[in-house]
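At position 185 of the sequence shown the residue is numbered 200 (our numbering), and the sequence of numbers has no breaks.
For glycine and all other residues, C-beta sits at the position ideal for the given N, C-alpha and C.
First the structure, in the form of structure tokens, and then the observations on it.
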Amino acid sequence: MIYIISKIFTAFFLPPGLFITILAALAFFTKRFRWLLPAAALLLYGLSIHPAADRLLASYEAPFISTRLPDHADAVVTLGGGNMRGTPIPLMDESFKRAIYGLGIAKKMDIPVIVSGNGEDGYNEFLALLDSLKTLQPILKADLNVSDHITDHFAIIGETKSCDTYENAQLTMKMIDKKEPVIIIVTSAYHMKRALKLFRLAGAKNLYPAAINFYANDNKKGVRLTDFLPSIWALLNSYRAMHEFFGSIKVKLREMKSKQEWRGGRDSNSRP
Numbered sequence: 016m017i018y019i020i021s022k023i024f025t026a027f028f029l030p031p032g033l034f035i036t037i038l039a040a041l042a043f044f045t046k047r048f049r050w051l052l053p054a055a056a057l058l059l060y061g062l063s064i065h066p067a068a069d070r071l072l073a074s075y076e077a078p079f080i081s082t083r084l085p086d087h088a089d090a091v092v093t094l095g096g097g098n099m100r101g102t103p104i105p106l107m108d109e110s111f112k113r114a115i116y117g118l119g120i121a122k123k124m125d126i127p128v129i130v131s132g133n134g135e136d137g138y139n140e141f142l143a144l145l146d147s148l149k150t151l152q153p154i155l156k157a158d159l160n161v162s163d164h165i166t167d168h169f170a171i172i173g174e175t176k177s178c179d180t181y182e183n184a185q186l187t188m189k190m191i192d193k194k195e196p197v198i199i200i201v202t203s204a205y206h207m208k209r210a211l212k213l214f215r216l217a218g219a220k221n222l223y224p225a226a227i228n229f230y231a232n233d234n235k236k237g238v239r240l241t242d243f244l245p246s247i248w249a250l251l252n253s254y255r256a257m258h259e260f261f262g263s264i265k266v267k268l269r270e271m272k273s274k275q276e277w278r279g280g281r282d283s284n285s286r287p
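Encoded structure:
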């Protein structure tokens with residue numbers, strides 16, 4: 016009984032359920048825009064329950080649940096996900112899992128791993144990773160090799176100038192400086208589709224996704240009644256899916272711009 020009460024309290028008296036409750040209550044006491052309040056409450060409710068939120072996010076994650084890595088690659092690229100300076104493990108949850116997964120792949124294949132992201136106030140993802148590894152050093156068996164340039168063997172390399180995935184893709188290609196390099200991309204599953212497109216725009220052709228951080232629970236057997244209670248975690252999944260949707264529009268615009276520049280260059284070269 017206490018468990019059920021706590022679930023209901025968490026669902027409707029903490030965000031986002033609290034806001035759904037307020038919107039629904041206001042609909043009974045206002046005459047102006049009365050239709051808007053229940054519509055907003057219904058929309059927020061839909062985005063805050065797992066059956067709907069996980070279905071939205073699963074469309075981005077599902078293609079990368081099972082992927083095959085190559086026998087050899089030129090580099091692993093881990094995309095940044097944020098850090099908090101001054102904490103024992105500065106890398107945030109998503110970024111930490113991306114970095115550790117990328118390190119494991121690179122170490123096993125004996126190839127360099129490029130850690131991306133410029134961070135804030137001069138504290139980038141590369142520095143945050145090194146500080147995180149210092150905390151974990153007592154449980155690490157292998158010595159970590161840090162380098163400021165691409166090598167033929169395992170090394171941790173920082174790409175510290177990019178502000179987004181598009182810039183990271185461009186700078187990474189310049190760092191590797193090989194014709195058609197084989198690159199393993201490590202990022203969260205929901206972000207992978209957009210990341211691959213941006214790396215292809217930068218000229219990368221041989222890309223292998225290594226996805227981590229799966230959040231959609233769309234494939235579980237059966238649906239529980241508690242799945243229909245508002246949850247901040249479900250709302251976060253909706254946010255991730257919507258963020259990728261609008262991010263894909265920006266990628267599409269970049270693709271259109273790239274095609275126009277290519278056509279413009281071809282037309283100018285064909286003129287006598």
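**Message:** For residue 40 and residue 275, what's the separation of their Cα atoms in angstroms?
**Reply:** Taking the sequence shown and counting its residues from 1, one reaches residue 40 at position 25. Taking the sequence shown and counting its residues from 1, one reaches residue 275 at position 260. Take the alpha-carbon of residue 40 and the one of residue 275: they are about 52 Å apart.
**Item:** Beta-carbon contacts of residue 76 that lie in its chain and below 6 Å, excluding the five residues immediately before and after
**Value:** On the sequence shown, position 61 is the one that residue 76 refers to. Result list for residue 76: 204, 205, 229, 231, in chain order.
**Request:** Just grab the DSSP bridge partners of residue 199 for me.
**Result:** Mapped onto the sequence shown, residue 199 falls at position 184. DSSP output for residue 199 lists 91, 223 as bridge partner(s).
**Message:** To the nearest angstrom, how far is the alpha carbon of residue 217 from that of residue 184?
**Reply:** Position 202 of the sequence shown, counting from 1, holds the residue named residue 217. Position 169 of the sequence shown, counting from 1, holds the residue named residue 184. Straight-line Cα distance between these residues: approximately 6 Å.
**Prompt:** DSSP state of residue 238, grouped into three classes?
**Reply:** Indexing the sequence shown from 1 puts residue 238 at position 223. In the structure shown, residue 238 sits in coil (DSSP, three-state: anything other than H, G, I, E or B).
**Request:** Rounded to whole angstroms, what's the CA-CA distance from residue 118 to residue 255? Just pull it up for me.
**Result:** Looking up residue 118 in the sequence shown gives position 103. Looking up residue 255 in the sequence shown gives position 240. In a straight line, the C-alpha of residue 118 is about 25 Å away from that of residue 255.
**Helix, strand or coil at residue 262 according to DSSP, with G and I counted as helix** = Along the sequence shown, one-based indexing puts residue 262 at 247. Assigned with DSSP and collapsed to three states, residue 262 falls in helix.
**Message:** Buried or exposed for residue 149, going by 16 or more other Cβ atoms inside 10 Å?
**Reply:** Position 134 of the sequence shown, counted from the start, is the residue given in the question as residue 149. Counting Cβ neighbours within 10 Å, residue 149 comes out exposed, since fewer than 16 surround it.
**Asked** Would you call residue 237 buried or exposed, if buried means 16 or more other Cβ atoms sit within 10 Å of its Cβ?
**Response** Here the question's residue 237 lines up with position 222 in the sequence shown. So residue 237 ends up on the exposed side.
**residue 99 versus 158, 140, 45, residue with shortest Cα-Cα distance** = As a position in the sequence shown, residue 99 is number 84, starting the count at 1. Measuring from the Cα of residue 99, the nearest candidate turns out to be 140.
**Item:** Nearest-angstrom beta carbon gap, residue 89 and residue 193 [assumed within contact, 8 Å]
**Value:** By one-based count along the sequence shown, residue 193 stands at place 178. By one-based count along the sequence shown, residue 89 stands at place 74. Indeed they touch by this definition, with Cβ atoms about 6 Å apart.
**Prompt:** In angstroms, rounded to a whole number, what distance separates the CA positions of residue 212 and residue 266?
**Reply:** Position 197 of the sequence shown, counted from the first residue, corresponds to residue 212. Position 251 of the sequence shown, counted from the first residue, corresponds to residue 266. If I take the Cα positions, the gap works out to 7 Å.
**Asked** So residue 220 and residue 78 are in contact, right, with Cβ under 8 Å, and what is the actual spacing, rounded?
**Response** Position 205 of the sequence shown holds residue 220. Position 63 of the sequence shown holds residue 78. 19 Å between Cβ atoms; not a contact.
**Request:** Taking all protein chains shown into account, decide if residue 124 is buried (16 or more other Cβ within 10 angstroms of its Cβ) or exposed.
**Result:** Position 109 of the sequence shown holds residue 124. Here residue 124 is buried: its Cβ has 16 or more other Cβ atoms, across all protein chains shown, within 10 Å.
**DSSP beta-bridge partners of residue 138** = Taking the sequence shown and counting its residues from 1, one reaches residue 138 at position 123. DSSP lists 135 as partners of residue 138.
**Request:** Could you tell me whether the segment 104-118 touches the segment 60-73, using the rule of 3 or more Cβ pairs below 8 Å?
**Result:** No, the segment 104-118 does not touch the segment 60-73.
**Message:** Classify residue 73: buried if its beta carbon has 16 or more other beta carbons within 10 angstroms, exposed otherwise.
**Reply:** Here residue 73 is taken as the residue at index 58 of the sequence shown, counted from 1. Burial is judged here by how many other beta carbons sit within 10 angstroms of a residue's own beta carbon; residue 73 has at least 16 and is buried.
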